[in-house]
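Here the structure comes first, spelled out in structure tokens, and everything after it is commentary.
Protein chains: 2
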Amino acid sequence: MPTPRETFLSALRREPVARTPWWIMRQAGRYLPEYRAVRGNHEFLAMVRDPALAAEVTLQPIRRFGMDAAVIFSDILVPCAAMGVEVRFEEGEGPKLAPALRTRADIERLRDFDPRRDTAFLGEAIRRVRAELGLERAIIGFCGAPWTTASYFVEGGTSRNFEHAKALLHGDPAAFNLLCERLVTNLVPYLALQVEAGADAVQVFDSWGGALDARTWREHLLPHVARLVRETQALTKAPVILYVNGASQLLEVLAESGADAIGIDWRVDPREAVARVGARCALQGNLDPSILFATPEAVERETRRVLAGFREAPGHVFNLGSGILPGTPVASMERIAGVLRGVA
Amino acid sequence: MPTPRETFLSALRREPVARTPWWIMRQAGRYLPEYRAVRGNHEFLAMVRDPALAAEVTLQPIRRFGMDAAVIFSDILVPCAAMGVEVRFEEGEGPKLAPALRTRADIERLRDFDPRRDTAFLGEAIRRVRAELGLERAIIGFCGAPWTTASYFVEGGTSRNFEHAKALLHGDPAAFNLLCERLVTNLVPYLALQVEAGADAVQVFDSWGGALDARTWREHLLPHVARLVRETQALTKAPVILYVNGASQLLEVLAESGADAIGIDWRVDPREAVARVGARCALQGNLDPSILFATPEAVERETRRVLAGFREAPGHVFNLGSGILPGTPVASMERIAGVLRGVA
Chain A
1 MPTPRETFLS ALRREPVART PWWIMRQAGR YLPEYRAVRG NHEFLAMVRD PALAAEVTLQ
61 PIRRFGMDAA VIFSDILVPC AAMGVEVRFE EGEGPKLAPA LRTRADIERL RDFDPRRDTA
121 FLGEAIRRVR AELGLERAII GFCGAPWTTA SYFVEGGTSR NFEHAKALLH GDPAAFNLLC
181 ERLVTNLVPY LALQVEAGAD AVQVFDSWGG ALDARTWREH LLPHVARLVR ETQALTKAPV
241 ILYVNGASQL LEVLAESGAD AIGIDWRVDP REAVARVGAR CALQGNLDPS ILFATPEAVE
301 RETRRVLAGF REAPGHVFNL GSGILPGTPV ASMERIAGVL RGVA
Chain B
1001 MPTPRETFLS ALRREPVART PWWIMRQAGR YLPEYRAVRG NHEFLAMVRD PALAAEVTLQ
1061 PIRRFGMDAA VIFSDILVPC AAMGVEVRFE EGEGPKLAPA LRTRADIERL RDFDPRRDTA
1121 FLGEAIRRVR AELGLERAII GFCGAPWTTA SYFVEGGTSR NFEHAKALLH GDPAAFNLLC
1181 ERLVTNLVPY LALQVEAGAD AVQVFDSWGG ALDARTWREH LLPHVARLVR ETQALTKAPV
1241 ILYVNGASQL LEVLAESGAD AIGIDWRVDP REAVARVGAR CALQGNLDPS ILFATPEAVE
1301 RETRRVLAGF REAPGHVFNL GSGILPGTPV ASMERIAGVL RGVA
């Protein structure tokens, strides 16, 4: 009988599985009362940097719902801070990065970091999660994708339209390219640290990738993402999931990235994703997180619809199409867990 | 020699044209100093409801750049206010609608409005624009699409994730359907009023349509959009443009709406749009508005790339892929106008 960890890894490797493994993006988070209880006493970044707290909230959803994989509680901006940019999280607002990087000179001032020294807390948090989980369940490490991370750097925070990042990409492509190169050079050892500490797989989050058309993504981002995937796989042997929010127009390009699995959002029809990605990658997704605010019957119906849609995928890991939302009823997650436990 | 108005209408009707006509979504707006000068002295909704001011700002971009069509200065929430919901615009925030409609009982309290009586200011503004433009240039009227308007009603404003609107759609589809029916019943005469006053074409804005997958859009929205298009065309004989932001996954469904033209955002590759929509509709779009923040060379290069991409379309109206952004350099618009004037 394979463990949940083995089932999860087999699906990512497109090997046969007896049931569909699952986890939920942001599964450790604000929809959980036990998370809010911890969070009430600590700043967000302080929790990320405290191995005991990070491990505790990483484990909370596993104890409650029994997902096949625990995603380490951290943030995609951890490497930005380690590269010398100030990162602040203010309540009710998105993150702020200062200074914003707008020119080649700004980019050249970034420093390379040593993950073992500068992000040791993350390795320690993963070791603590492993100590509690044993080898029963998988652990997922992660980082931001080049476009998403670059756009945080250039915009100085979240952005609706990415004016500055796109102005740099289209107006000074050499400087934009340099920024992406520096990022990948730093992200590969950062992901390796996580695998070394116990992560079984890593996910690269391109949360803002959907703001780009396919030609731009292919020309300006694919080389960097492919290098990140290739070097991480070579160094760690761990499978790499490439998640892109809003990827309808990007599937064929993403399938060329070399990633073991492509994570997709709910806007992409599962059967169409299977047809367009083909045998090259497993798929992960893609229930609309907003549906968890509907009736339990709707949640169960749409969960089953997602599972049926991916039946012909070479490998499928069930997930939401983007992170679970604050305010999501816990009962909706229970309903999803019930369906997933019952899936043969 | 056809007038700009005739060239614009011919392109929408998929008839041969000697050059590509153009206009820009939100062309009357905050990037223009002459607009900001007027806006500095007036509330946004007061301007919308004042025919002299609305006509004046509608004409400003035409005087400066000479687009082929003037889009009337108004707002997609005007019908919401006319249906009895309070609409407020607060500086630096999105619009707020109160009360938010969450139940069937809330929806049943909406009132049908008489456009001639309740939105007479809009007809008068269009007549004033026509008086200045003569028949040289086209006038475009507009309304919000059923999903976009319904989501404003249900969320009580703009939304990032549309939890409440999607919970209603998936959890109580009959109530959601009723809301859309009421909307279309009111929007058809509202568009007819605009054509009667002088609009040559109308655009239906589905600004948030891209938040839905194709199956949901087809099942829950297409019947309402198709009715809106069909009844408007029958009543007015004016061409209808259906604009959807984030439509990569929706093109085939949109092409079944009966609209004369489909407006698309920059994420959709123009050649792919031509292939997927085929001969059924003209296309409008789709330069990324963020590119206008790059160098003038990049703006010109990408404008020409868009024009080349739509060369095989049955009809093409050049536009941005979404509304022009506040802070856009006027020089970028001058560059676009220069390219478009030169297109044979």
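Chains A and B, in that order, are what the protein sequence lines are.
Residues in the first sequence are numbered from 1 upward in steps of one, following our numbering.
Residues in the second sequence are numbered from 1001 upward in steps of one, following our numbering.
Ideal placement from N, C-alpha and C gives every residue a C-beta, glycine not left out.
Since the model is a prediction, treat every value here as computed from it, not as a measurement.
**OP:** Look at Q203/A and I241/A and say whether their C-beta atoms are less than 7 angstroms apart.
**Re:** For Q203/A and I241/A, yes; Cβs fall inside 7 angstroms.
**OP:** Output yes if chain A places a C-beta closer than 7 angstroms to the C-beta of A1255/B; else output no.
**Re:** Among the residues facing chain A, A1255/B is not included, as its CB has no counterpart in that chain under 7 angstroms away.
Original post:
Q1249/B versus chain A: which residues are under 9 angstroms apart at the beta carbon?
Top reply: Within chain A, the C-beta atoms nearer than 9 angstroms to that of Q1249/B come from S248, Q249, R267, V268, D269, E272, in chain order.
**OP:** Look at the Cβ atom of A282/A, then the Cβ atom of G315/A, and state whether they are nearer than 7 angstroms.
**Re:** Taking 7 angstroms as the Cβ cut-off, A282/A and G315/A qualify as a contacting pair.
Original post:
Whole-angstrom Cβ separation of W1208/B and L1250/B, contact assumed at under 8 angstroms?
Top reply: Not a contact, Cβ separation roughly 12 angstroms.
**OP:** Tell me whether F1065/B sits in a helix, a strand or coil according to DSSP, three-state version.
**Re:** Looking at F1065/B - three-state DSSP - the assignment turns out to be helix.
Original post:
Which residues mark the beginning and the end of the beta strand (DSSP E) in which L1169/B is found?
Top reply: If you look at L1169/B, you'll find it isn't in any beta strand (DSSP E); it sits in the alpha helix (DSSP H) that goes 1163 to 1171.
**OP:** Can you tell me which of E136/A, C180/A, F153/A puts its alpha carbon nearest to the alpha carbon of L77/A?
**Re:** Cα-wise, what sits closest to L77/A is F153/A.
**OP:** Starting from E1302/B, find everything on chain A with Cβ-Cβ shorter than 9 angstroms and list it in chain order.
**Re:** The answer, in chain order, is H170.
Original post:
Of all the residues that make up the segment 7 to 38 of chain A, which are near chain B by a beta-carbon distance shorter than 7 angstroms?
Top reply: Residues: none.
Original post:
Taking a cut of 7 angstroms between CB atoms, which residues from the segment 118 to 149 of chain A lie near chain B?
Top reply: Those residues of the segment 118 to 149 of chain A that come within reach of chain B (Cβ to Cβ, closer than 7 angstroms) do not exist; the list is empty.
Original post:
When you compare only the Cα positions, how much space is there between V317/A and R1111/B?
Top reply: Roughly 47 angstroms between the two C-alpha positions.
Original post:
Which residue comes first and which comes last in the alpha helix (DSSP H) that contains R305/A?
Top reply: Looking at the DSSP string, the run of the alpha helix (DSSP H) that includes R305/A is 296 to 309.
Original post:
Taking Cβ-Cβ distances below 7 angstroms as the criterion, which residues of the segment 318 to 344 of chain A are in contact with chain B?
Top reply: Under the 7 angstroms Cβ criterion, the segment 318 to 344 of chain A contributes L325.
Subject >> Anticipated Cβ contact below 8 angstroms, L169/A with F176/A, distance rounded >> reply: A Cβ-Cβ separation of about 5 angstroms places L169/A in contact with F176/A under the 8 angstroms criterion.
Original post:
Which of the three DSSP states, helix, strand or coil, is assigned to L135/A?
Top reply: Coil at L135/A, not helix or strand.
Subject >> Closest residue to A1067/B among R1305/B, R1137/B, E1155/B (Cα-Cα distance) >> reply: Reading the sequence as shown, one finds Met at residue 1067/B and not Ala. Per the C-alpha coordinates, the member of R1305/B, R1137/B, E1155/B positioned closest to M1067/B is R1137/B.
Original post:
So is the beta-carbon of G94/A under 6 angstroms away from any non-hydrogen atom of the ligand NAD?
Top reply: With respect to small molecules bound, the structure shown includes none, and the ligand NAD cannot be examined in it.
Subject >> chain A within 7 angstroms of A1234/B, Cβ atoms only >> reply: Not an interface residue.
Original post:
Quick one, are the C-beta atoms of F162/A and S151/A less than 7 angstroms apart?
Top reply: Yes, Cβ-Cβ distance for F162/A and S151/A is below 7 angstroms.
Original post:
If A201/A sits next to A238/A, beta carbons under 8 angstroms apart, how far is it from one beta carbon to the other, in whole angstroms?
Top reply: Yes, A201/A and A238/A are in contact; Cβ-Cβ is about 5 angstroms, under 8 angstroms.
Original post:
Whose Cβ in chain B lies nearer than 8 angstroms to the Cβ of S166/A?
Top reply: Note on residue identity: the sequence assigns Lys, not Ser, to residue 166/A. Ordered by position in chain B, the residues that pass the 8 angstroms Cβ test against K166/A are D1288, S1290, I1291, F1293, A1294.
Original post:
Can you tell me whether DSSP reads V268/A as helix, strand or coil?
Top reply: In the structure shown, the three-state DSSP call for V268/A is coil.
Subject >> Where H1316/B sits in the DSSP three-state scheme >> reply: For H1316/B, the secondary structure class from DSSP, reduced to helix, strand or coil, is strand.
Original post:
From the beta carbon of F1162/B, is the nearest beta carbon of chain A less than 7 angstroms away?
Top reply: Chain A contact via Cβ: present.
Original post:
What are the start and end residues of each continuous alpha helix (DSSP H) run of 4 or more residues lying completely inside the segment 1077 to 1164 of chain B, in chain order?
Top reply: DSSP runs (the alpha helix (DSSP H)) wholly in the segment 1077 to 1164 of chain B: 1078 to 1082, 1104 to 1108, 1115 to 1118, 1120 to 1133, 1146 to 1155.
Original post:
Using the beta-carbon of each residue, which ones in chain A are nearer than 7 angstroms to A1214/B?
Top reply: Chain-ordered, the chain A residues with CB closer than 7 angstroms to the CB of A1214/B read D269.
Subject >> Coarse secondary structure for Q27/A, derived from DSSP in three states >> reply: Looking at Q27/A - three-state DSSP - the assignment turns out to be coil, as it is neither helix nor strand.
Original post:
Between the segment 1088 to 1107 of chain B and chain A, which residues of the former have a C-beta closer than 9 angstroms to a C-beta of the latter?
Top reply: Here the close residues number zero.
Original post:
List, in order along the chain, the chain E residues whose C-beta lies closer than 7 angstroms to that of A1298/B?
Top reply: Reference to chain E is not applicable here, since the protein chains of this structure are A and B.
**OP:** Could you tell me the distance, in whole angstroms, from the CA atom of L1023/B to the CA atom of I324/A?
**Re:** Correcting the residue identity first, residue 1023/B is Trp in this sequence and not Leu. Distance between the alpha carbons of W1023/B and I324/A is about 39 angstroms.
Original post:
Who does G285/A pair with in a DSSP beta bridge?
Top reply: Per DSSP, F318/A.
Original post:
In angstroms, rounded to a whole number, what distance separates the CA positions of L97/A and L1191/B?
Top reply: Looking at the two C-alpha atoms, the distance is approximately 45 angstroms.
Original post:
Would you say I1126/B and I1072/B are within 7 angstroms of each other, going by their C-beta atoms?
Top reply: Contact: yes.
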